[in-house]
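Asker: Protein sequence lines correspond, in order, to chains Y and D.
If you read the first sequence in our numbering, its first letter stands for residue -2, the second for the next number, and so on.
If you read the second sequence in our numbering, its first letter stands for residue -2, the second for the next number, and so on.
Virtual Cβ for every residue (Gly too), placed ideally from N, Cα, C.
Because the structure is a prediction, the values reported are computed rather than measured.
Number of protein chains: 2
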Amino acid sequence: MRAADLGERRLIQLLTKHLYRNRKVLAGAGEDDAALLSFGGKELVATSDIMFSSTHFPNGMKAEHIGRKIAIANLSDLAAMGAAPLAMLFSFGVPTSFEVAELRRVIRGINGVCSGYDAPFVGGDTKRARELTICGIAIGEVEKERALRRCNAKVGDVVAVTGEIGNAALGLRMMLKGIRKPSKLINAFTNPKARISEGRAIAECAVGTAGMDITDGLLFSAGEIARMSGVCLSLEGSRIPISREAREFARKYNINRNLLLDSGEDYELLVTIRNRRFGEVEERVEAVGGTLIAIGRVVGGKGVLLDERRVNAAGYDSLKPR
Amino acid sequence: MRAADLGERRLIQLLTKHLYRNRKVLAGAGEDDAALLSFGGKELVATSDIMFSSTHFPNGMKAEHIGRKIAIANLSDLAAMGAAPLAMLFSFGVPTSFEVAELRRVIRGINGVCSGYDAPFVGGDTKRARELTICGIAIGEVEKERALRRCNAKVGDVVAVTGEIGNAALGLRMMLKGIRKPSKLINAFTNPKARISEGRAIAECAVGTAGMDITDGLLFSAGEIARMSGVCLSLEGSRIPISREAREFARKYNINRNLLLDSGEDYELLVTIRNRRFGEVEERVEAVGGTLIAIGRVVGGKGVLLDERRVNAAGYDSLKPR
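1) Any chance you could list the alpha helix (DSSP H) runs of at least 4 consecutive residues sitting entirely within the segment 228 to 267 of chain Y, in chain order?
2) Listed from N- to C-terminal order along the chain, which residues in the segment 112 to 136 of chain D have their beta-carbon within a distance smaller than 8 Å of any beta-carbon of chain Y?
3) Going along the segment 42 to 59 of chain D in order, which residues come within less than 8 Å of chain Y, judged by CB to CB distance?
4) Show which residues of chain D have a CB atom less than 9 Å away from the CB atom of Y:S88.
5) Below 8 Å, how does it come out for the segment 66 to 83 of chain D and the segment 177 to 194 of chain D: are there three or more Cβ pairs, yes or no?
6) Give the C-beta separation of Y:A207 and Y:R147 to the nearest angstrom, bearing in mind that I take them to be a contact with Cβ-Cβ under 8 Å.
7) Taking the Cβ atom as the reference point for each residue, do Y:S231 and Y:V296 lie within a distance shorter than 7 Å?
8) What does the Cβ neighbour count give for Y:A98, buried or exposed, with the cut at 16 atoms within 10 Å?
9) Do the CB positions of D:V228 and D:A291 come within less than 7 Å of each other?
10) Is Y:G133 near the ligand ADP, going by C-beta to nearest heavy atom under 6 Å?
11) Which residues, in chain order, does the segment 73 to 84 of chain D contribute to contact with chain Y at a C-beta distance below 9 Å?
12) Less than 7 Å between the C-beta atoms of Y:F49 and D:G90, yes or no?
13) So what does D:C132 bridge to, in DSSP terms?
14) Taking the alpha carbon of D:D210 as the point to measure from, which residue in D:T159, D:K249 and D:K178 has its own alpha carbon closest?
15) Provide the residue span of the alpha helix (DSSP H) that contains D:F186, from first to last.
16) Counting only the same chain and skipping the five closest in sequence on each side, list residues whose C-beta sits under 6 Å from that of D:A43.
17) Around the Cβ of Y:G57, are there at least 16 other Cβ atoms within 10 angstroms (buried) or fewer (exposed)?
18) Going by beta carbon distance, what residues of the same chain come within less than 6 Å of D:R306, once the five residues before and after it are set aside?
19) By Cβ distance below 6 Å, which residues in the same chain neighbour D:E265 in space, the five residues on each side in sequence not counted?
20) Determine the contact status of D:E262 and D:A165, defining contact as a CB-CB distance below 7 Å.
21) Which of the three DSSP states, helix, strand or coil, is assigned to Y:G79?
22) Once the 5 residues before and after Y:R319 are set aside, which same chain residues still bring their CB inside 7 Å of it?
23) Please work out which residues of its chain come closer than 8 Å, Cβ to Cβ, to Y:R(-1), disregarding the five sequence neighbours upstream and downstream, and give them in chain order.
24) Let's test the definition: count the other Cβ atoms within 10 Å of the Cβ of D:Y114 and tell me whether it reaches 16, buried, or not, exposed.
25) For the segment 145 to 210 of chain D, which segments carrying the beta strand (DSSP E) assignment without a break, of at least 3 residues, lie completely within its bounds, in sequence order?
26) Report the three-state DSSP secondary structure of Y:K124 (helix, strand or coil).
27) Tell me the residue span of the beta strand (DSSP E) that contains D:L303.
28) By Cβ distance, which residues of its chain are closer than 8 Å to Y:D122, with the 5 residues on each side in sequence left out?
29) If we ignore side chains and look at the alpha-carbon of each, how far apart do Y:L302 and Y:N251 end up?
30) Which of the three DSSP states is assigned to Y:R319 in this structure?
31) Below 8 Å on the Cβ atoms is my contact criterion, and I expect D:I199 with D:L145 to pass it. Report the Cβ-Cβ distance as a whole number of Å.
32) According to DSSP, is Y:V103 helix, strand or coil?
33) Where does D:E140 fall in DSSP's three states?
34) Roughly how many angstroms lie between the CA atoms of D:V268 and D:P82, to the nearest whole one?
35) Would you mind stating whether D:V282 and D:E221 have Cβ atoms separated by less than 7 Å?
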């Protein structure tokens, strides 16, 4: 069955059946003009990430992975603010000839993530388009003045990440090379995690942490925190966690380390934490099952240093010719 | 200059300059991973509308009107809930060859609306795409249990609209025919209003009103309220406000009334109000400069009656072949 056979309304009705919801949802997807949620007295966090088949969904990427990826990308932005998810919305552009079954698998991928992170899919839109398009929106809450702002880094802070760098970027390269054999790298790309628990644990410590996810590359994110905080992030290459699998694949295909650190697709968090509080924050992150790995320090100046040499991080940019 | 010359980041920096903001915005567009807003103890309302150049932006539609349209479409969904806007997000898909100047004009249109409705543009995303794509998101708040839900209609209620029906749909037809001469109809299409003040006035009366905007057609919306409330909406054709200009254009081009009432593009609200409270609600709407025009009654049964004959309203559907 094709989308045109069903029409927009019936398609929406079909797609919004059986969505996960919790008691905060007063009106969910397909029920009203807008999503309606009960709310407390905190700070509201809202984010949106949009993806297009021609740019973001490589051949061989399964529909469920597509759904998971757009949902995780949005939740990761909440994680990077230290926010707890409240709800998500998704707006779709669908070619008239697009298979409804395929779209349902996309929604299944989305809904699995929504359920796993207690972030009900409560609304959105569906329209005709030239290519498959998904715009995700995540709404969350965080205690007053606890958000991990990019501008919070201070000289003397420890720079840390929540996990290994480069697995997902190399997983994508493997897929683009036609490699389908299950591996840690491909799994990192197709089944990413959003570091919500880690972000929450750090925010709850209330130590004025700067934070950002590294979906456009570790070095790019380091540059952003440096720029917004008016400081320099000095990283030690030997401390940046890179998996054995990633090292082997990178060696085999001649991918140098800086390129790896400038690649996107990973959803780890990059944070800066006051030196004297680092141990305490690390414990809190470990208590929720995460890790916090120190990879450098915040120093005076600007930009990013890697082993004391200045690096220029462009990051992933979908609009620039590659 | 084309988007590819600038790159995604610089494009975002450029586009998010000089955006309207108010004191509730803690982190706005381009400043952090997500928008951050201070908030009170009310109900949260969130909505998203997505539009694509191939489907939604007819030739001859100016960039600023495109921006205005996507922003109004989203705010209209808040209006239809009786919500006050808090903030908006916009995610863009941009062909690499797209003119940056054109995109700036789109943003100018958006920002004009954001400023006019005190709904700061606080975040979003920009990626490469095959056609110009804009996904808008509006977030608002409404007092507990005051939202105009589609399921609130009760037998005996008065059915009313906030203004003339069909002007914008006919304005679009004029533009598609190549008519460019300024007129009330074209203006209704290119410069629509969201009925936020009217929606707020109605919600503040706390009379358990059902409400919906009529962007997919008056008859379609009537059918939706009927379906969600388990009632029948009985409309009187002679009471539905249609402008002199619309009547003349429709006569000239042989467009019958039911087609007009089934056309989208208007942003008026369709509401149902307890009969004995109608006068009071009407006064409140008039006090904010609006109008409320009774066009029928809620009766037992289901579906929609127009002059006591059953009508089948399909409404506008972008995925269906026309």
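Answerer: According to the structure data:
1) For the alpha helix (DSSP H) assignment, the uninterrupted runs of no fewer than 4 residues enclosed by the segment 228 to 267 of chain Y are, from N- to C-terminal side, 241 to 249 and 254 to 258.
2) V119, G120, G121, D122, T123, K124, R125, A126, R127, E128, T130, C132, I134, A135 and I136
3) Along the segment 42 to 59 of chain D, going in chain order, the ones with a CB nearer than 8 Å to a CB of chain Y are V42, A43, T44, S45, D46, I47, M48, F49, S51, T52 and H53.
4) S45, D46, I47, S88, C132, G133 and I134
5) yes
6) 6 Å
7) Yes, they are a contact pair.
8) exposed
9) no
10) The model on display carries no ligand, and the ligand ADP is accordingly not part of it.
11) Of all residues in the segment 73 to 84 of chain D, the ones placed with a Cβ closer than 9 Å to any Cβ belonging to chain Y are S73, D74, L75, A76, A77, M78, A80, L83 and A84, in chain order.
12) yes
13) Note: D:C132 sits in a beta bridge opposite D:I47 and D:S88.
14) D:T159
15) K181 to T187
16) I136
17) exposed
18) So the list is empty, once near-sequence residues are dropped.
19) V158, T159, G160 and I211
20) yes
21) Correct three-state label for Y:G79: coil.
22) Note that Y:R319 scores 49 on pLDDT, short of 50, meaning its location in the model is unreliable; the coordinates nonetheless yield the value given after this. No residues qualify anywhere along the chain.
23) For Y:R(-1), where only same-chain residues beyond five positions count, the Cβ hits under 8 Å are T93, S94, F95, E96 and V97.
24) Buried, by the Cβ-count rule.
25) 155 to 158 and 207 to 210
26) strand
27) G300 to L303
28) Excluding residues up to 5 positions away in sequence, S88 and F89 lie with their Cβ nearer than 8 Å to the Cβ of Y:D122 in the same chain.
29) 23 Å
30) Only weak support exists for where Y:R319 lies, its pLDDT of 49 falling under 50; the value from the coordinates is given anyway. Here Y:R319 carries a coil assignment [DSSP, helix/strand/coil].
31) Confirmed, Cβ separation roughly 6 Å.
32) helix
33) The answer is coil: DSSP assigns D:E140 none of H, G, I, E or B.
34) 19 Å
35) no
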